[in-house]
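Note sheet for the following structure.
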Amino acid sequence: MSDGGAAGRGPDRYPVEWEADVVLRDGTTTHVRPIRPEDADALQRFHVGQSERSTYLRFFAPMERLSERDLERFTRVDHMDRVALVAVRPRDGADAGTPDARAREAQEDIIGVARFDRTGTSEAEVAFNIADSAQGRGLGSVLLEHVAAAARERGVRRFTAEVLPQNGKMLAVFREAGYDVRQQMDDGFVQVSVDLDPTERSRAVMADREHRAEARSMQGLLGATSVVLVGPGVPPGDGPDPDGAPLDRVLAHRALAALVRSPDVTVHVVGAGADVPDGGAAPRTHATLADVPGPVDLAVVALPPPDAIDAVRQLARLEVRGVVVLSAGFAETGPEGLALQRELLRVAHTAGLRVVGPASYGLLRTGEARERPALAATLAEDLPLPGVVGLFSQSAPMAVTLLATTARRGLGVSSFLSAGHRADVSGNDLMQYWQDDAATQVVCLYLESIGNPRKFSRIARRLASVKPVVVVTAGRSGQVVPPGHAVRSTRAPRRTLEEMLRQSGVIRAENTHHMIDIAQLLAHQPLPGGRRVGILASSASLAALVAEASSSAGLVVARSDFLPEDASSDELAATVDALYAPDACDVVVVVQVPVVHPRRADLSRAVARAAARTGRTTVASMLGLHGLTDELAAPSPDGGAPGTLLRVPAYSTPEDAVAALGAVVRYARWREADHGTPVRPAGVDAARARALVEGALAGRDAVDLDPATTADLLACYGVRVWPARRVRTADEAVEAAREIGWPVALKSTAAGLRHRADLGGVRLDIADETELRSDVAQMREALAAVLPGAADQPFEVQAMADAGVACVVRSTEDQLFGPVVSFGLAGDAVDLLGDVAYGVPPLTDVDVAAMVRSVRAAPRLFGYMGTHVVATAALEDVLARASVLADDLPEVRSLELYPVVVSDHEAAVLSARVTLADAQRADALRRALPG
């Protein structure tokens, strides 16, 4: 579903794109879809099951049953002027093994209905009805988001409703949604009017509800205290093993070995044997899932795809919150496997379950207290130490690497999850959870693909403002799509992801080794107070090497000392004290590589004590030490918890230590910086712009706007495009110039020659009729030689702008990233060298200013070599308005403002082009899970 504007392809077409799986307030899930005529029986059951009060609040009168006429009217809608959405769940007692999808849907129960009936061109009456059993779970708010999004697509901009005064819950749904709402009493009813155009508050409300729901759903998985493991059973005595069963049997055995090491977790086992390793608690074994007593918090499944789907159907009875699918054989195998994966999601989400996987390495949470019981639902044989680092990975092989690396370093983990194919649970969900998890202080994510970059950016920016987020992407572009991952294609420049991460405050690591380097520093040292570095090395050459690496990492060398191998204990103490003296530096790098003597443990201890005493961020590279060691540990000066030690992380090479330190210093500066406020320029008429877009598309897939409509659209966002008269003859050019006023510019409209003064496509500062007639003739002759057919194209006559710097502002709507805005100075050299800044809206005023100043040619805007300083504030205003337009209107496939001539007092937009196309933005104005 798009954010609005895309008209339907005709009445009565079932809008499958409106189907969605959603997370409710309690962390469970449900499926939302348009109503169908086959839902008549389910709708009747829903109505009969409601209390008398609920029925009265909905229909204003008692109504035991819906009449056949009502059922016909309510279930047969045209999805245009009459729209209804239902939330469904499996019917109690339904046959979980029914293979036919439509037959299973006939066994669904409706738990909520939202509908609207158009009452005017842009107005509709809306109504909701939520099952008594589903109230208090946020379903009404979710349905409002979805029915409002559907209404915007159909051109409806306002909802009206007639509500009884005693229906406080319904009134609260409207009032708390964040839209502009008006209420008044009329003849005993509350008349409600809701403007559906999104507001800052409605976006914030949705994001907050999304955060709480997704965090709670992850808490349901990672906080599980009862687990059921479902495997393929024991090997058959005779006959062949089913395909995949031997591997699934190994997966189940490994998972069981980990689960029974969780002393506070009740483990049920179906079809996985009961062999328990030494020290493990005996699980409760059952012959079938039907024998398992509920409720159970979490399921772990190692079965071939069809059996796994059938098992998930049966889990609904146990009130399971989520399922970890260890087995593979889904989307990575091709179209048939993708269909199985989608069926797995549909079955799970309709039953209220989140899905981790398929092909997951599992999940775990460390803990040593009853308030935080440990859980190990993973394939890992060696479980990590408790700690403060939250780890997320996708594929199982990378999970193996990450857990092994943290173990070698002695780095503790608070929780871990491997998403496998990332069919449902993703890094976004874990970031939502970790924001509220007091045990997690550092977040690390290995991302092979990012399914919803806009949502990732939004969540990561909020999380990074309170906890560091370290990210590794597969490849520099982050555009690798592993088998089994459902990811939209992208044509965005490779730097787009880098800019998005920078805007979000995320620390981007080069590889997993670098990520863990950074994580061990963040987990065990305070954030730096500045970038002045003090260096202590065991030789002058090492000190010089570290100083060069520090400068390259953006640090400023405040002092550099070296301590000879044969230095006395007094010299060592004096040197360390001087390095950690007040205001000597902000961060410290200590390097000890002895040549002939053993490593000095007294130096390690002295540095650890000084770092703990002063709270100064310290890293070390000492021969023979790696990770977090007792030799570089010291008690906390403020006492802290008994046995609490502050550790200085050790690195294999000085370069590794400095690279990690530089990344953390940059993050600390980002945390302290003012990130500005979202740009919301004055004079924006988003409603008129929406109407222009809808009228221009009018059911077409794509359209290039003509200059007049382009100017009108940009005017809705306060961007004035200088008018230009299109002419074909010298006489027409002279007439246009007289109307515009001399001097004028003459431009070719031929593709490839627009704005190309170097190829004869532009003549400037034409002062009179004689000069203009001569230029028309000369341009026609010159263009014919450069580009065949160009001489036959019309010209444009335009008023001359004041001299200034020519710039280019562009925006493209990418399927994956959404709107991507770019800025650069005009010219071939800039394009060829890629001197362009990118931003992913919504942007803040600080983001906009950074884009203008980040291009290498930016000095030309600020008086380079004695030229005039131009009006950068006016330029930033144009860029901000273009970014808001792109963010508001996903149908704007491309926008180009070229050139924007920036003088010392204005930014003149001399030409603009806009292409519109139907859009399905991933991060729409409604909450929905991937599927």
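Be aware that the sequence shown starts at -3, since it is given in the numbering used here, and climbs by one per residue.
Glycine is no exception: its CB is placed at the ideal position from the N, C-alpha and C atoms.
This structure is a prediction, so every number in the text was calculated from the model and none was measured.
C-alpha gap between residue i and residue j, whole angstroms
i      : j      : result
Asp900 : Asp798 : 9 angstroms
Val152 : Pro739 : 47 angstroms
Arg555 : Ala372 : 47 angstroms
Leu779 : Val910 : 26 angstroms
Pro86  : Glu872 : 53 angstroms
Val465 : Met76  : 44 angstroms
Ser744 : Arg889 : 25 angstroms
Ile503 : Val660 : 8 angstroms
Asp128 : Leu62  : 17 angstroms
Arg78  : Arg111 : 7 angstroms
Leu621 : Val256 : 34 angstroms
Gly1   : Arg154 : Caution applies to Gly1, whose pLDDT of 38 falls short of 50 and renders its modelled position unreliable; the value that the coordinates give is listed next. Approximately 14 angstroms between the Cα atoms of the pair.
Asp22  : Ala415 : 22 angstroms
Pro279 : Arg250 : 14 angstroms
Ile106 : Arg491 : 46 angstroms
Ile126 : His27  : 14 angstroms
Gly757 : Gly823 : 14 angstroms
Gln428 : Ala683 : 33 angstroms
Ser64  : Thr117 : For the sequence presented, residue 64 should be read as Glu rather than Ser. So the alpha carbons of these two residues sit roughly 30 angstroms apart.
Cβ-based burial, residue i [other Cβ within 10 Å; buried from 16]
i      : result
Ala747 : exposed
Ala92  : Low local confidence applies: a pLDDT of 45 at Ala92 is under 50, so the model's placement there is unreliable, and no value is given.
Ala825 : exposed
Ala694 : exposed
Glu495 : buried
Ser564 : exposed
Arg724 : exposed
Asn507 : exposed
Leu624 : buried
Gln774 : exposed
Thr25  : buried
Beta-carbon separation (whole angstroms), residue i vs residue j, contact threshold 8 angstroms
i      : j      : result
Pro30  : Ala80  : 7 angstroms
Ala324 : Ala355 : 4 angstroms
Thr284 : Val265 : Rounded, the Cβ-Cβ distance is 12 angstroms, inconsistent with contact.
Thr362 : Ser410 : 6 angstroms
Val226 : Ala295 : 7 angstroms
Residue range of the unbroken alpha helix (DSSP H) whose run includes residue i
i      : result
Ile455 : 449 to 460
Ile446 : No alpha helix (DSSP H) holds Ile446; DSSP gives it neither H nor E.
Asn125 : Per DSSP, Asn125 belongs to no alpha helix (DSSP H); it is in the beta strand (DSSP E), 119 to 126.
Glu158 : Careful: Glu158 lies outside any alpha helix (DSSP H), inside the beta strand (DSSP E) at 154 to 159.
Thr346 : 331 to 346
Phe388 : Looking at the DSSP string, Phe388 is not in any alpha helix (DSSP H); the run it does join, the beta strand (DSSP E), is 382 to 389.
Leu218 : 196 to 218
Met181 : No alpha helix (DSSP H) holds Met181; the beta strand (DSSP E) holding it covers 176 to 182.
Asp598 : 597 to 610
Pro291 : Neither: Pro291 is in no alpha helix (DSSP H) and is coded neither H nor E.
Short CB-CB distance (under 7 angstroms) between residue i and chain D
i      : result
Lys165 : Structure shown: chain D not included; a single protein chain is present.
Range of the contiguous beta strand (DSSP E) that encloses residue i
i      : result
Tyr442 : 438 to 443
Arg928 : Outside the modelled stretch of the chain, which goes from -3 to 927, sits residue 928, for which no answer is possible.
Val467 : 465 to 469
Gly358 : 358 to 361
His282 : 280 to 282
Tyr894 : 888 to 898
Pro674 : Taken as a continuous stretch (DSSP letters only), Pro674 belongs to no beta strand (DSSP E), as it is neither H nor E.
Met618 : 613 to 618
Ser485 : Looking at the DSSP string, Ser485 is not in any beta strand (DSSP E), and its letter there is neither H nor E.
Phe55  : Phe55 -> not in any beta strand (DSSP E); alpha helix (DSSP H) instead, spanning 48 to 55.
Residues that residue i bridges to, as DSSP identifies them
i      : result
Ile512 : The partner list for Ile512 (beta bridge, DSSP) is empty, contrary to what the question assumes.
Arg643 : Ala629
Ile531 : Ser556, Val585
Leu371 : Arg361
Ile736 : BP columns for Ile736 are empty, so no partner.
Leu225 : Val265, Val296
Tyr713 : None, per the DSSP bridge assignment.
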